[in-house]
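Each residue of the sequence shown is one higher than the one before, counting from 3 in my numbering.
Glycine is no exception: its CB is placed at the ideal position from the N, C-alpha and C atoms.
Report on one structure; see the data block that follows.
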Amino acid sequence: MRPITLLICGLAVLLIANCAYFQPPIDRGDAEIAGDQGVVAYVLDGDIWIKRLPDGEPLRITYDGANAEPRWSPTGQWLAFRKLDSQVWLYSLTEKNAWAVENGAPANAYAWSPVGDRLAALIGSGILHMKIITPGSAETLTLEPPMIEGMPGAPFWNPTGEWIAYTWLAFPENGEARQTIRMRRADGGEPVTLLEGGSPATEPTLNIAGWLPQGAGLLFWYGPRLIDSFLPDTIDLRTLPVEQPQPPGDEPPITIEDVSWWFANDIATAPPNTDSGRGDMVAATQGAGPPWTDKAIAIPDRRLTPSDQAAIHPAWSPDGSRIAYSGMPDSAATEIEEGEAALSQRRIWITDTSGEANPQPATNDPAFRDERPEWSVDGRKILFARIDGEGQASLWLLSLATGETELVVERISLPNQTDPALQNVLWNGSYDWLP
Numbered sequence: 003m004r005p006i007t008l009l010i011c012g013l014a015v016l017l018i019a020n021c022a023y024f025q026p027p028i029d030r031g032d033a034e035i036a037g038d039q040g041v042v043a044y045v046l047d048g049d050i051w052i053k054r055l056p057d058g059e060p061l062r063i064t065y066d067g068a069n070a071e072p073r074w075s076p077t078g079q080w081l082a083f084r085k086l087d088s089q090v091w092l093y094s095l096t097e098k099n100a101w102a103v104e105n106g107a108p109a110n111a112y113a114w115s116p117v118g119d120r121l122a123a124l125i126g127s128g129i130l131h132m133k134i135i136t137p138g139s140a141e142t143l144t145l146e147p148p149m150i151e152g153m154p155g156a157p158f159w160n161p162t163g164e165w166i167a168y169t170w171l172a173f174p175e176n177g178e179a180r181q182t183i184r185m186r187r188a189d190g191g192e193p194v195t196l197l198e199g200g201s202p203a204t205e206p207t208l209n210i211a212g213w214l215p216q217g218a219g220l221l222f223w224y225g226p227r228l229i230d231s232f233l234p235d236t237i238d239l240r241t242l243p244v245e246q247p248q249p250p251g252d253e254p255p256i257t258i259e260d261v262s263w264w265f266a267n268d269i270a271t272a273p274p275n276t277d278s279g280r281g282d283m284v285a286a287t288q289g290a291g292p293p294w295t296d297k298a299i300a301i302p303d304r305r306l307t308p309s310d311q312a313a314i315h316p317a318w319s320p321d322g323s324r325i326a327y328s329g330m331p332d333s334a335a336t337e338i339e340e341g342e343a344a345l346s347q348r349r350i351w352i353t354d355t356s357g358e359a360n361p362q363p364a365t366n367d368p369a370f371r372d373e374r375p376e377w378s379v380d381g382r383k384i385l386f387a388r389i390d391g392e393g394q395a396s397l398w399l400l401s402l403a404t405g406e407t408e409l410v411v412e413r414i415s416l417p418n419q420t421d422p423a424l425q426n427v428l429w430n431g432s433y434d435w436l437p
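In structure tokens:
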């Protein structure tokens, strides 16, 4: 294979791997580690801390200032996190020790199964391979071995933990690299190709966003070609059935159109067993342009937020009847300074998902900008992040019964990015809550 082809393929793999934001809802109701309001793992000055909510004593588990992206296993017995921007480590809450996955080999993406303590990881540099690791045992399954014929993208578990979907970049001996979406049983077996794509150098890239709530299909979108010098303002979220491969030449249907590129990491599916009975319940942020204008929360058949509001970060209630989100008055700001001031008006809102939407404010403290709501298992409380006027982030609990808010983590670090005030804050790099 020519060097230029290898370079193109490598760039495509990095693009695909870095799109692995979404994971299906995890059933955490039986977690043994959780306190009254669960337990949160968070990043502070580059180290990982753990705290039982609401008022447990914080426990520091790293001391080198080089850690991020904490992720709880479903039982709460294990915590995965990233170290030195490339390694993945596992921490045992029973043994109180940590070790590097694959002896510290680079890991491009990783994700817990939603139903068991099994970690899928995309490992390697250059030629990548995919493994499933079971912490606390010697059990390791290689789903895709390293090979020069192709390499996988980031793993996405289906809601039952039986299948893993991922993109595949094939390197034919003669011709250009070609991209597909495939899935494979989490206990091995042959891969199933679901969608054939083209060369990422000249055709739109394939990007998986996750699974539908009941696992009947995958959510994905077409991204820019590697030769494109710009990113799109919006993308169309599409559904790919998994019971049979997509016929060549057929265009998978659009589930939600005009999803904001800035907030493509905020695509959210309803819990698998909701009262709605619908298997397509997914919510996303629509709209182009800067984050303070033209943003709406939408589900497949309608928009849920008013036109005079800029809304982001949708989160489904446990029963699927409501969505919490971060909303602010839509702003016509054209200058950066005006936009920064407008973002400070973000508050937590809640709206119904059936019938006529009727958004109601849930927080209203002018001293903070409120983002990323998450529901407790019983639907009575919401954990959310706040940024104050000095740019300092913290975590709070909202009681839906009383409307009162409670500070539970005084300070967390924002993810490393160019300008958190203007960009979508990738909060999953800063904390993870096990309700």
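Query                                                                                                                             : Result
Counterpart residues of isoleucine 210 in DSSP-defined beta bridges                                                               : Phe222
Beta-carbon contacts of leucine 233 that lie in its chain and below 8 Å, excluding the five residues immediately before and after : Pro226, Trp263
Three-state secondary structure (DSSP) of asparagine 426                                                                          : coil
N- and C-terminal bounds of the alpha helix (DSSP H) containing isoleucine 338                                                    : 338-345
CA-to-CA distance, asparagine 176 to proline 376, given in whole angstroms                                                        : Reading off the sequence shown, one finds glutamate at residue 376, where the question assumed proline. So the alpha carbons of these two residues sit roughly 49 Å apart.
Whole-number beta carbon distance between leucine 121 and proline 154, since they are thought to touch under 8 Å                  : Actually they do not touch by this definition, with Cβ atoms about 15 Å apart.
Simplified DSSP assignment, three categories, for glycine 393                                                                     : coil
Through-space distance from asparagine 69 to glycine 432, alpha-carbon basis                                                      : Before going further, note that residue 432 is serine rather than glycine in the sequence given. Their Cα atoms are separated by approximately 10 Å.
CB of leucine 221 within 8 Å of CB of leucine 228, strictly                                                                       : no
Strand pairing of glycine 40, partner residues [DSSP]                                                                             : Asp38
Alanine 369 and glycine 391 closer than 8 Å at C-beta                                                                             : yes
Run of the beta strand (DSSP E) containing aspartate 367, from where it starts to where it stops                                  : No beta strand (DSSP E) holds aspartate 367; DSSP gives it neither H nor E.
Proximity of proline 302 and valine 284 at Cβ, strictly below 8 Å                                                                 : yes
Sub-8 Å separation of threonine 295 and serine 333 beta-carbons                                                                   : yes
Per-residue burial, aspartate 434 [other beta carbons within 10 Å of its own, 16 or more giving buried]                           : buried
Length of the line joining the Cα atoms of proline 116 and threonine 204                                                          : 35 Å
Cβ separation of leucine 92 and alanine 82, assumed to be a contact under 8 Å, to the nearest whole Å                             : 6 Å
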